[in-house]
Amino acid sequence: MTIDLLLLIAPVAIAAAATNAGSPRDQWPAARALLISFFEWFGELGVFCGRLVKAAFAPPYEFREIIRQMDSIGAKSLPLVALAGAATGVVMSLETRDSLIRFGAKSMLPTVIVFSIIRESGPIITALIVSGRVGAGIGAELGSMKVTEQIDAMEASAVDPYKFLAGTRVLACVAMMPLLTLAANFSGILMGWVANTLAEPISLHLFVNNGFKHVAFSDFLPPTFKTAVFGLIIGVVSCFQGMRTKGGTEGVGRSATSSVVLSSLFVILADVVLVRLILVFYS
Amino acid sequence: MKSPKNAPPVVVKDLHKSFGDQTVLDGIDLTIAKGETLVVLGRSGTGKSVLLKLLVGLEHPDSGSICVEGQEIIDLPLPQLNEIRKKIGFLFQQAALYDSLTVEENVAFPLNRHMNMSEAERKNRAKELLSSVGMEKDLAKLPSEISGGMKKRVGLARALALDPEILLFDEPTAGLDPITAAEIGNLISQLKEERQITSIVVTHDVHGAKSFSDRLALMDKGKILIDGTFGELKKSRNPFVVQFLKNGAGS
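Chain order of the listed sequences is A and B.
Counting in the working numbering, the first sequence runs from 28 upward without gaps.
Counting in the working numbering, the second sequence runs from 3 upward without gaps.
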């Protein structure tokens, strides 16, 4: 299991290091710079997480700012997530319909759509959409605050930016991801039914009954709540990349890009580990 | 830990700071008396802004000692350091206003965090502070909607929000036209007269410094080359001091 994890983490770590490495001319210095950059990045991330945890659990608690971030991260991502979920439902319905007809299993279509959306497509599509929208937003916003000394100004006025800026965003990401996943699942299943009905009319009641006939709570709850881990990854990586921005507007652009790239990669790799864990504990 | 009475507000001893191979501060010694305005002059990149950031714990020195209000701040735990920070107002070079908040919200931000006030009291206090810097008409504007000089004024109002005992100014007149720069200089002088605040002003503006400083320190290569009144600096025969004052006053 440890080796599996190392194999999974290695490509992401290299990608993480590559986003920070320069462009040395020779291969050996390039490899050395990449290695140093790799350890530096993880070391700094560890220190950042330590400060974040310390700040998050110390009073006073920033409830008002958490709610503002929940609105910004959750409510404002809802239309995009619902649209992505709907598109996934339609595509899944169109694609699997043909395949199932070929194997004479057309009646299984609602079950296939519901299972694939609630177990995997809904959570991962939501996470990738949120890492794109929210990751870039957090990376750019905190990056811009860093290079214009707004974070320094906050710290100088005795307000901990790890608590006020990073902690609130991370908590909002963790809290909102399962709710956004529910929205993606709902719109995916609904539009899956619409696409299916356009090809061959079926009542929503029957579609839902057939689709959920074999669904247990263990098919629904663990995949939905694993998205809280995705939220944690998106929040931590984006805040970390934003708050270590250097180099003016160019640096802000780099932070926004690396927030999206790294949080998406980590989400996908975390998904592999979490799916494995869910299968171990719930099958 | 209580600060000793009558201790100078800021005492810096043998302060060193490097970034990688680059030595920025190389043994700085400074003592600033209560109510005094010290102007730190020097070429760009001599570590003047770093010195200010060290005084509020935004940077950590390699060695040396920094006592603020009689309390050593290096390695001070964050809660105690934050108590010291509440006594210090900091006007940043580009004002560093929070760009998602309005002018009024920017000034009310430290009040929201640290003062036990009702919303009406906070609003009144913010208005009062903004009016003291001549910005009472632009309360609802965002920082992107006001000029550089206005941003500095709002930054100053925000720095004064917690009634600080020490004010730090990082290039308060940089990038401003001569009239606006003179207005900011007048505000600094006004603060000195009205509130007896201890101030450290980092600037290139020799002409402005002459009007609002009690004492000047000229930095070069991470060290304080000369420290004294404007008259004392003018008497110096050190070629760098002579050239800096001549060119600076000319500009």
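Glycine included, every Cβ here is placed at the ideal spot set by N, Cα and C.
Note that the structure is a prediction, hence the values are computed from the model and not measured.
- Across the set B:148, B:214 and B:133, the C-alpha of B:214 shows the shortest separation from the C-alpha of residue 171 (chain B).
- Membership of residue 68 (chain B) in the beta strand (DSSP E) is indicated by the continuous run 65-70.
- Runs of the alpha helix (DSSP H) lying entirely within the stretch 32-119 of chain B and spanning at least 4 residues, in chain order: 50-57, 80-87 and 105-116.
- Residue 198 (chain B) sits in coil when the DSSP states are folded into three classes, being neither helix nor strand.
- The beta carbon of residue 84 (chain B) sits closer than 8 Å to some beta carbon of chain A.
- Residue 208 (chain A) is outside the set of residues whose beta carbon lies under 8 Å from a beta carbon in chain B.
- Chain-ordered listing is empty here: chain B has no CB closer than 9 Å to the CB of residue 98 (chain A), the nearest sitting near 13 Å.
- When 8 Å is used as the limit between beta carbons, residue 176 (chain A) is near these residues of chain B: 94, 95, 96 and 98, in chain order.
- Close to residue 182 (chain A), with beta-carbon spacing below 7 Å, are these residues of chain B in chain order: 60.
- Interface annotation for the stretch 105-117 of chain B against chain A: 111, 112, 115 and 116, criterion Cβ-Cβ distance under 8 Å.
- Only residues of its own chain outside the window of five on either side were considered, and among them 124 and 128 have a CB closer than 6 Å to the CB of residue 110 (chain B), listed in chain order.
- Following the DSSP letters along the chain, one finds residue 233 (chain B) inside the alpha helix (DSSP H) bounded by residues 232-237.
- As the crow flies, the alpha-carbon of residue 299 (chain A) is around 10 Å from that of residue 305 (chain A).
- For residue 219 (chain B), DSSP records a beta bridge to B:42 and B:229.
- Exclusion of the five residues before and after residue 168 (chain A) leaves 269 as the residues of its chain whose Cβ lies within less than 8 Å of its Cβ.
- At a cut-off of 8 Å between beta carbons, residue 201 (chain A) makes no contact with chain B.
- In the DSSP assignment, residue 69 (chain A) falls outside any beta strand (DSSP E) and lies within the alpha helix (DSSP H) extending over 54-84.
- Taking C-alpha positions only, residue 254 (chain A) is separated from residue 201 (chain A) by approximately 8 Å.
- With respect to chain B, the C-beta atom of residue 185 (chain A) has a partner C-beta closer than 8 Å.
- Residue-level contact by beta carbon holds for residue 87 (chain B) and chain A, with a gap shorter than 8 Å.
- The secondary-structure analysis by DSSP pairs residue 21 (chain B) across a beta bridge with B:24.
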